[in-house]
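Shown next, in structure tokens, is the structure this report addresses.
Number of protein chains: 2
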Amino acid sequence: MATTTQTDPRIIFTPSGRRGRFPVGTTVLDAGRALGVDIDSVCGGRGLCGRCQVTPGIGSFPKHGITSAPDHLSEEGPLEGEYRRARGLAEGRRLSCTAVVRGDLLIDVPPESQVHRQVVRKGLDVRTFVVDPVVRLHYVVVPPAELARPGGDLARLFTELERDWGLSDLESDLGVIRALQPALERNGGRVTVAIHDGHAVIAVWPGLHERIFGVAVDVGSTTIAGHLADIADGAVLASSGVMNPQIRFGEDLMSRVSYAMLHDGGAAEMTRVVRDALTSLVAGLAASGGIDGSDILELAIVGNPIMHHLLLGIDPIPLGSAPFALATDRAVRTTAAEIELGGVNQGARVYVLPCIAGHVGADTAGVILAEEAHRAERVRLTVDVGTNAEIVLGTKDRLLAASSPTGPAFEGAQISAGQRAAPGAIERVRIDRATLEPRFRVIGSARWSDDPGFDAVERRIGVTGICGSGIVEVIAELFLAGIVTADGIVDGSLAARTPRIVRDGRTFSYVLHEPAGDGPRILITQNDVRAIQLAKAALYAGVRLLMDHLGVDEVDEIRLAGAFGSQIDLLHAMVLGLIPDCDLAAAAPAGNAAGTGALIALLSKAARAEIEMVVRTVEKIETAVEPRFQEHFVDAMALPHRTATYPHLRAAVELPTARTITDAGDAGRAERRRRRVVAAASREDR
Amino acid sequence: MATTTQTDPRIIFTPSGRRGRFPVGTTVLDAGRALGVDIDSVCGGRGLCGRCQVTPGIGSFPKHGITSAPDHLSEEGPLEGEYRRARGLAEGRRLSCTAVVRGDLLIDVPPESQVHRQVVRKGLDVRTFVVDPVVRLHYVVVPPAELARPGGDLARLFTELERDWGLSDLESDLGVIRALQPALERNGGRVTVAIHDGHAVIAVWPGLHERIFGVAVDVGSTTIAGHLADIADGAVLASSGVMNPQIRFGEDLMSRVSYAMLHDGGAAEMTRVVRDALTSLVAGLAASGGIDGSDILELAIVGNPIMHHLLLGIDPIPLGSAPFALATDRAVRTTAAEIELGGVNQGARVYVLPCIAGHVGADTAGVILAEEAHRAERVRLTVDVGTNAEIVLGTKDRLLAASSPTGPAFEGAQISAGQRAAPGAIERVRIDRATLEPRFRVIGSARWSDDPGFDAVERRIGVTGICGSGIVEVIAELFLAGIVTADGIVDGSLAARTPRIVRDGRTFSYVLHEPAGDGPRILITQNDVRAIQLAKAALYAGVRLLMDHLGVDEVDEIRLAGAFGSQIDLLHAMVLGLIPDCDLAAAAPAGNAAGTGALIALLSKAARAEIEMVVRTVEKIETAVEPRFQEHFVDAMALPHRTATYPHLRAAVELPTARTITDAGDAGRAERRRRRVVAAASREDR
């Protein structure tokens, strides 16, 4: 760049505020780059990609001390005109690579022209993050090889990348070396390359190639969910989920580990099927998004430790028994080829978020990243509820994590009428305090069961069972209506008041739904209540243990992540004592935060560095070796809790007076079951 | 390390001369490391590997100002005693990791205890290089995972590697993460890891693992040759060669390129067979060396550009036509898995030396490295003779390289009785100047054909043809005997003097061998002489072109590399004008220098950096675009040369007086053939 003088035009860029003087004839893009203004470009200033659009200000800007007149910028040239005709250019927009400085200018760089774009994700909390792409595209024109100037195609490519883009110390995949010559050949040396992390050339295309994509994946025990996103602007093109085909080797994590232990090659078989499923998921996302799989350059993956190990082909058996040692708690950087994922670019990279501990996986790292648990100003509890509950507690200054063995009750297993969340499953329940009559809603319809026309819903969708959020609500409602005591006993004495209380051997059940046609009768049994008590006590005990370690008696904020956590009603969860007392206005569901975390890591290099740092500083608490866990567990069996007073909850809803029914036999069974669970928790049965 | 005082014992290490004071109780290994003395260790000072042996000096060392008494070193302890009993320890040797400083000491570190060992390779030039291993072994004891201290196996390994070995910023192959847990399990956390280039953990073994190996390979068009070497000390355990199975797709390089052009998937097929052959070669080397293939951690590979591309799976077609563009002229670093080489450690790395230009490959880089062409004080010509001749000329200050299309005549093709070098092939010839009678020797026997008992050789081995070195000798001898003129005409007028000159249509042939039994009659025909003239003229013209570029009229030293170059007699080569005039004492064969170069690159990281730097600075001359090449070619058709005076040669042997036979028809044919060759050289027929 030529030396500037005090008479050269002044240029001010907004929103950055960067300013400088540049000689007449400088392109706006060059001026911006010289000042370090964040302006995107794929074609390197050739007027092809349109990424570098800016909006020149017109008029006097006293705050900045300049007047920006229309003739202070060169008129539209042939390149810009061609771009406008071919692809359109909004009113007032210019291509900064072709527009040339003639006088003082104020230049606005709109968000879509910045490399580091802010992406806003709306939820209860509006969260933003800045796209900071790990893979970027660079278009160059490579001169042909000449007899008199021998040298490799790759070296000539590197020379252009250094000259046009200032990229040095590059290396290249062998696959790129293979693909380079035909790509150069096809379009007169014009190629676009994808560069990973500023140093590795991982893909090459003939001509200008403008869009590349990434896939963020949450590999769950039940479901593998993915988002397909544009790597440059963070836009999500498609989201999809497929069943994890490993389910045929066992419903829950421990049964998968058992399968690996009992079958030679069992782990390898599970690795193969999950990789195949991931390949199918990616193919489906590409089809939905209308893109070519070869334009997928990167994947970011989260999963619990066992899914993490199985996907990466690491033996999961050590995770099945104490000390639950992870093979690695670092982020894993590998390639799609290495883990045999098909249907993506052959140079595609894979980033796997770090696991935190043997039961607290990369999915929890994703939750932390998405929910910014490590930036909380007040004490925040973040829970991802599944077969295990992953619990994160703390503030920006100190973060603790643990896993608690809730078991599958919250997912509808171990519940007499339980089922997965699917059309026909009861998901919302209310019980009249006076009549003890229920009303409910099923997934697939907005009608309540006492609305006119519900019989049509029953015929069309059916009432097939009860899902996790429905179970939580019905038991909370049974407690609020006085049908279930604080001890968790279904009060048989109420059978006199309502035919919905029915004897079932030595205990009583509540008839939630009597089918009109041939559907199932849906009962809430004493065992169902016990199963939920055990699950919620395990969760609460884990939370309480972290509160002890953090030295707090209450939490200020609550976020419930995961499918179940997003569906349950927070008030009912609190009535049940599934979560500790908290201002209900400060409690919120978080959706599939793990998947969102994977998406953020996919789109931001800075976020990867951030979560890797956070994971190292998180204090890992092992519930199994903490004697207090068992005490907290016993106290948490009562509804909502034996000792916790729940003042915020009591301000929101009237809790029944504590009332116990002495039933020695039943209490004895509960105690025996509690002991079994506690023993299991301190051993290895997770 | 504790602070030292002026009363602490003084320790002097030889041969480095490093010295310092250390508190009583310091181990000799720690003292050496603190001073930066090059002492090897795999076990990290645990008395297991025996790599750190030293020899304490006994007596007074006035030069160093100290007296080293036997009691200045601790007595043999239990670890050292156990090592001595189990594995033996030579007289006077101590394990420096267990021997502790008690007083002033002079400690000699023998060559075998140094990491950077000097390796001496004997040839005409005694060359040495220093082993500078890219892969090193490190033994550590990793504490077990604990419930109360969750964390990954990998992180615990890294912690120990940093603590014991000062290795930080490590990364790891996914394969190592997979193998780590069982390795830790097997031997109580004792593992040995292989670390590549100081930062990547590429293999892990349970317990102490002491030896790892590498394979250096020269992938030739005809033969693939390999050396198996101990990476730590550079010792070659086995060397072996296999035929390149690509021969079935075409004898020479151009026919392989044609195969790729004419057959869909042809290049991929050739890639597959050469990889399979390399896998077999490695398996054979491991078997010969008595080692396990999984202990092979690295390969270093050279080859001509087409072999290089085919092995790496890169399309070779662009190398078949102008501008002969290489896909890359950088060194390629990849993995054995990526190029599908089996039978080695799954983490094994591959280093492919850089190609220089489209016809000057990584094999020439290997020759330069082995022959140290880039360190020559005087002008040195280095030629690797094959179907193409790769020519390197220059000094340490300036190096030029080119390839010249000699064609396959030097390998026995295009010669009426020509054959590959194999038992029965004539390899040495002398012709009596007076009687014009020949004597010769065949491969497989030391007897000359006029020795008593040669008839037994003929019966046992046979006289089957003539190989490259034999052709060069016989034509040079025919010239010296006056049978072939300086123009290359077989002088028919001599038929009157000897029945060995026979008419063959319009030209004459020389009967080299008349079989006693049913073997073939071996003739040297006029066409044979022409074929060799064309080949040697192409070679000489290439050399002369580089001499022009370098601005010299003669060369001071000559090295002939490759199988043919090592077999031919240098005097005869000079008589023929195959090489320029030079003091015969300064000319020497160089053996398979390309393979030696691969071996050096295998064993030395510094050598890799060196050859990469040299290759970038080598001036590449493209003979096809140089008009002078054609002039030089015409001048070089004569024996030894039309204008060059060959003073050194004339001092060694009496050359016949220049004599020409006017044979217009024959001269016309020669001229037409010359034009074809020149045209081919400027096109693409290489």
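Taken in sequence, the protein lines are chains A and B. The numbering of the first sequence is the numbering used here, which starts it at 1 and goes up by one. The numbering of the second sequence is the numbering used here, which starts it at 1001 and goes up by one. Using N, Cα and C, we set each Cβ at its ideal position, and we do this for glycine too.
Residue-chain proximity (residue i, chain B), Cβ-Cβ < 8 Å
i      : result
A/V332 : yes
A/V625 : yes
A/P318 : yes
A/D315 : yes
A/E269 : no
A/R178 : yes
A/E338 : yes
A/L687 : Because chain A is modelled from 1 through 686, residue 687 of chain A falls outside the range shown and cannot be assessed.
A/G17  : no
A/L299 : no
Beta carbon of residue i nearer than 8 Å to that of residue j
i       : j       : result
B/T1004 : B/S1096 : no
B/I1568 : B/V1472 : yes
B/F1564 : B/G1468 : yes
B/A1348 : B/A1362 : no
B/P1318 : B/A1325 : yes
B/V1575 : B/V1490 : no
B/V1367 : B/A1594 : yes
B/E1557 : B/A1586 : yes
A/T328  : B/A1155 : yes
B/L1174 : A/L312  : yes
B/G1103 : B/H1072 : yes
B/L1310 : B/M1270 : yes
Reference residue i, options the options, closest by Cα
i       : options                               : result
A/S60   : A/P23, A/R46, A/L105 and A/A99        : A/L105
A/E612  : A/V204, A/R330, A/G198 and A/Y139     : A/R330
B/M1637 : B/P1647, B/V1529 and B/V1625          : B/V1529
B/E1626 : B/V1543, B/S1445, B/G1175 and B/I1426 : B/V1543
A/V379  : A/P318, A/R398 and A/T159             : A/R398
B/G1591 : B/D1581, B/L1576 and B/A1561          : B/A1561
A/G412  : A/M547, A/A238 and A/D252             : A/D252
A/K536  : A/I443, A/L478, A/F633 and A/E458     : A/F633
B/G1551 : B/L1400, B/S1294 and B/E1162          : B/L1400
A/D450  : A/E477, A/E458 and A/R439             : A/R439
A/I415  : A/I391, A/Q526, A/M254 and A/R18      : A/Q526
Neighbour flag for residue i against chain A, beta carbons, 8 Å
i       : result
B/Q1181 : yes
B/P1323 : yes
B/D1230 : no
B/I1431 : no
B/I1611 : no
B/D1197 : no
B/L1578 : no
B/T1328 : yes
B/R1622 : A small fix is needed here, since residue 1622 of chain B is Glu in this sequence, not Arg. Yes, contact with chain A.
Partners in chain C for residue i, counting only beta-carbon separations shorter than 7 Å
i       : result
B/A1145 : Reference to chain C is not applicable here, since the protein chains of this structure are A and B.
Residues from the region 1350–1362 of chain B in contact with chain A, defined by Cβ distance under 9 Å:
P1354, C1355, I1356, A1357, G1358, H1359 and V1360
Given 8 Å as the limit, is there contact between the region 1494–1504 of chain B and the region 1597–1611 of chain B, that is, 3 or more CB pairs closer than that?
no
Return the residues of the region 147–165 of chain A that lie within a Cβ-Cβ distance of less than 7 Å from chain B, sorted by chain order.
For the region 147–165 of chain A, which is checked against every Cβ of chain B, the residues closer than 7 Å are L147, A148, P150, G151, G152, D153, L154 and A155.
Stretch-stretch touch, CB-based, cutoff 8 Å, three pairs: the region 129–138 of chain A with the region 1343–1357 of chain B:
no
Selection of the region 70–85 of chain A by Cβ proximity to chain B, strictly under 9 Å:
none
Can you list, in chain order, the residues of the region 398–427 of chain A whose Cβ is nearer than 7 Å to any Cβ on chain B?
none
Are the region 203–215 of chain A and the region 136–146 of chain A touching by the rule of at least three beta carbon pairs closer than 8 Å?
yes
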